[in-house]
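Undergrad:
Protein chains in written order, with full-length UniProt numbering: chain G, 1 to 147; chain B, 1 to 143.
Laid out in structure tokens, this is it:
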């Protein structure tokens, strides 16, 4: 059972309350596909991912980035039960999408980088610690149902 | 994942934009690492003050960035260029090499935080590869 301090809860909810999903979601996924190109293996149906420009301009990538970020909403609203909240999504990623769970960590790192770039001085070490802890719990929950 | 000419050019270009802030980057990355990854504090039990403004953290951040600067200068042959540093880390300091990834992540994050316009995904991938190769160079003499 994950323990959250009041400060951690407020940091997490604060970040998501002030987040532009339409801006950050696409940026995080674009960054992931460029920095870790093997992640492109899951998006062969998305069309042109041939180079950085193509990835940036791909509307399917942008839409999916927004979708993923909204998927994190559920964790923010259920911080005391992220494991159960994501059980179904974990099964989906394992049995239907066949995503190597290490990829969740890579996308999480790219999202952290985008948030760091966006928040500037507000992204203190404590903020980083809380945000990375949150994403680590999400990543763990998404990998939980793999067998 | 070895460095292409494009990677080397990207690293040098990014470094030229960030190097005047090297000391600040090093200090910030190190102090974040100590907070966000508390297990790394085990290597600094001999320091009186691990807080972010401390002279020791600032000084050591500067030392680390000196190593990064050396690596940029020796980018065409990191293995040989970092041999002395590797001997130091292998025989004297004995940092578990898993921690190089942690510090690299913190460095990338601080660069993104301070230079968001310059830290494009293209710059990011080359810098990530570079720091990975630096870690390999530092680990060279470990065993």
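All C-beta atoms in this analysis are idealised placements derived from N, C-alpha and C, irrespective of residue type, glycine included.
Could you say which of G:143, G:138, G:3 lies nearest to residue 71 of chain G if we only look at CA atoms?
TA: Taking the first residue of the first chain as position 1, residue 71 of chain G is located at position 71. Closest by alpha carbon: G:138.
Undergrad: Measure the Cβ-Cβ separation of residue 127 of chain G and residue 11 of chain G and say whether it is below 7 Å.
TA: In the first chain, counting from the first residue as 1, residue 127 of chain G sits at position 127. In the first chain, counting from the first residue as 1, residue 11 of chain G sits at position 11. In this structure, residue 11 of chain G lies closer than 7 Å to residue 127 of chain G by Cβ.
Undergrad: Helix, strand or coil: how does DSSP classify residue 145 of chain G here?
TA: Residue mapping note: residue 145 of chain G aligns to position 145 of the first chain, counting from 1. Coil at residue 145 of chain G, not helix or strand.
Undergrad: Short of 7 Å in beta carbon distance, which residues of its chain neighbour residue 21 of chain B, apart from the five on each side in sequence? Order them along the chain.
TA: The sequence position of residue 21 of chain B within the second chain is 21, counting from 1. For residue 21 of chain B, where only same-chain residues beyond five positions count, the Cβ hits under 7 Å are 114.
Undergrad: Enumerate in chain order the residues of its own chain whose CB-to-CB distance from residue 108 of chain B is below 8 Å, with the five nearest sequence positions on each side excluded.
TA: Reading the second chain from its first residue, position 108 is the one you call residue 108 of chain B. The residues are 119, 124, 127, 128, 131.
Undergrad: Please tell me whether residue 113 of chain B has its Cβ less than 7 Å away from any Cβ of chain G.
TA: Here residue 113 of chain B refers to the residue found at position 113 when the second chain is read from its first residue. Chain G, which has a Cβ nearer than 7 Å to the Cβ of residue 113 of chain B, makes this yes.
Undergrad: Looking at chain G, is there any beta carbon in it that lies within less than 7 Å of the beta carbon of residue 60 of chain B?
TA: Walking along the second chain from the start, residue 60 of chain B turns up at place 60. Not one chain G Cβ lies under 7 Å of residue 60 of chain B.
Undergrad: Who are the Cβ neighbours of residue 34 of chain G in its own chain at under 8 Å, not counting the five residues just before and after it?
TA: In the first chain, the residue the question calls residue 34 of chain G occupies position 34. The answer, listed in chain order, is 52, 55.
Undergrad: Which ranges does the alpha helix (DSSP H) cover as unbroken runs of at least 4 residues, wholly within the UniProt domain "Globin" (3 to 147) of chain G, from first to last along the chain?
TA: Segments of the alpha helix (DSSP H) lying fully in the UniProt domain "Globin" (3 to 147) of chain G: 6 to 17, 21 to 35, 52 to 57, 59 to 77, 82 to 85, 87 to 91, 102 to 119, 125 to 143.
Undergrad: In angstroms with no decimal places, state the Cα-to-Cα distance between residue 24 of chain G and residue 98 of chain B.
TA: Sequence index remark: in the first chain, residue 24 of chain G carries index 24 (1-based). Sequence index remark: in the second chain, residue 98 of chain B carries index 98 (1-based). Cα-Cα distance, rounded: 29 Å.
Undergrad: At which residues does the alpha helix (DSSP H) containing residue 16 of chain B begin and terminate?
TA: For this step, residue 16 of chain B is matched to residue 16 along the second chain. Segment 5 to 18, the alpha helix (DSSP H) holding residue 16 of chain B.
Undergrad: Suppose only complete runs of 4+ residues qualify. What are the alpha helix (DSSP H) ranges in the UniProt domain "Globin" (2 to 143) of chain B, listed by chain order?
TA: DSSP runs (the alpha helix (DSSP H)) wholly in the UniProt domain "Globin" (2 to 143) of chain B: 5 to 18, 22 to 36, 55 to 73, 78 to 81, 83 to 87, 98 to 114, 121 to 139.
Undergrad: Looking at residue 117 of chain G: is its Cβ nearer than 7 Å to the Cβ of residue 121 of chain B?
TA: Locating residue 117 of chain G in the first chain gives position 117, where the first residue counts as 1. Locating residue 121 of chain B in the second chain gives position 121, where the first residue counts as 1. Contact: no.
Undergrad: Please classify residue 14 of chain G as buried or exposed, where buried requires at least 16 other C-beta atoms within 10 Å of its C-beta.
TA: The residue labelled residue 14 of chain G in the question sits at position 14 within the first chain. Classification for residue 14 of chain G: exposed.
Undergrad: Could you tell me whether any Cβ in chain B is nearer than 7 Å to the Cβ of residue 141 of chain G?
TA: As a first step, residue 141 of chain G is located in the first chain; it is residue number 141 there, counting from the start. Not closer than 7 Å to any Cβ of chain B, the Cβ of residue 141 of chain G fails to qualify, so no.
Undergrad: At a CB-CB cut-off below 8 Å, which residues of chain B make contact with residue 35 of chain G?
TA: Mapped onto the first chain, residue 35 of chain G falls at position 35. The answer, in chain order, is 121, 124, 125, 128.
Undergrad: Taking C-beta to C-beta, are residue 137 of chain B and residue 78 of chain B nearer than 7 Å?
TA: Working through the second chain from its first residue, we reach residue 137 of chain B at position 137. Working through the second chain from its first residue, we reach residue 78 of chain B at position 78. Yes, Cβ-Cβ distance for residue 137 of chain B and residue 78 of chain B is below 7 Å.
Undergrad: Could you check how far apart the C-beta atoms of residue 30 of chain G and residue 61 of chain G are, in whole angstroms? I think they sit under 8 Å.
TA: Taking the first residue of the first chain as 1, we reach residue 30 of chain G at position 30. Taking the first residue of the first chain as 1, we reach residue 61 of chain G at position 61. About 6 Å separates the two Cβ atoms, so the contact holds.
Undergrad: When you compare the CB positions of residue 107 of chain G and residue 32 of chain G, do they come within less than 7 Å of one another, or not?
TA: The residue you call residue 107 of chain G lines up with position 107 of the first chain. The residue you call residue 32 of chain G lines up with position 32 of the first chain. Yes, the pair counts as a contact, with Cβ atoms nearer than the cut-off.
Undergrad: Can you list, in chain order, the residues of the segment 91 to 102 of chain G whose Cβ is nearer than 7 Å to any Cβ on chain B?
TA: Residues passing the 7 Å Cβ filter: none.
Undergrad: Could you tell me which chain G residues have their CB closer than 8 Å to the CB of residue 35 of chain B, listed as they occur along the chain?
TA: Looking up residue 35 of chain B in the second chain gives position 35. Ordered by position in chain G, the residues that pass the 8 Å Cβ test against residue 35 of chain B are 125, 126, 128, 129.
Undergrad: Can you find at least 3 beta carbon pairs, one from the segment 25 to 42 of chain B and one from the segment 57 to 66 of chain B, that sit closer than 8 Å?
TA: Output reads yes: the segment 57 to 66 of chain B touches the segment 25 to 42 of chain B.
Undergrad: Measuring straight from C-alpha to C-alpha, what distance separates residue 81 of chain G and residue 75 of chain G?
TA: Residue mapping note: residue 81 of chain G aligns to position 81 of the first chain, counting from 1. Residue mapping note: residue 75 of chain G aligns to position 75 of the first chain, counting from 1. Roughly 8 Å separates the two Cα atoms.
Undergrad: For residue 75 of chain B and residue 86 of chain G, what's the separation of their Cα atoms in angstroms?
TA: On the second chain, residue 75 of chain B is found 75 positions in, with the first residue counted as 1. On the first chain, residue 86 of chain G is found 86 positions in, with the first residue counted as 1. Those two C-alpha atoms are separated by around 44 Å.
Undergrad: Mind reading off the beta-carbon distance from residue 87 of chain B to residue 141 of chain B? Whole number of angstroms is fine, and I expect it under 8 Å.
TA: The residue given as residue 87 of chain B occupies position 87 in the second chain. The residue given as residue 141 of chain B occupies position 141 in the second chain. Right, the Cβ-Cβ distance comes to about 5 Å (below 8 Å), so this counts as a contact.
Undergrad: What's the call for residue 73 of chain B, buried or exposed, on a 16-neighbour Cβ count within 10 Å?
TA: For the purposes of this step, residue 73 of chain B is taken as the residue at position 73 of the second chain. That one is exposed.
Undergrad: Around the C-beta of residue 3 of chain G, are 16 or more other C-beta atoms found within 10 angstroms, so that it is buried, or is it exposed?
TA: Taking the first residue of the first chain as 1, we reach residue 3 of chain G at position 3. Answer is exposed; the Cβ neighbour count stays below 16.
Undergrad: Closest to residue 38 of chain G by C-alpha separation, out of G:111, G:104, G:120, would be which residue?
TA: The sequence position of residue 38 of chain G within the first chain is 38, counting from 1. The residue with the shortest Cα to Cα distance from residue 38 of chain G is G:104.
Undergrad: Here's the rule: buried if 16 or more other CB atoms are within 10 angstroms of the residue's CB, otherwise exposed. What is residue 40 of chain B?
TA: On the second chain, position 40 is the one that residue 40 of chain B refers to. Residue 40 of chain B comes out buried.
Undergrad: Could you compute how far the alpha carbon of residue 141 of chain G sits from the alpha carbon of residue 93 of chain G?
TA: As a working note, residue 141 of chain G is residue 141 in the first chain. As a working note, residue 93 of chain G is residue 93 in the first chain. Approximately 11 Å, taken between the alpha carbons.
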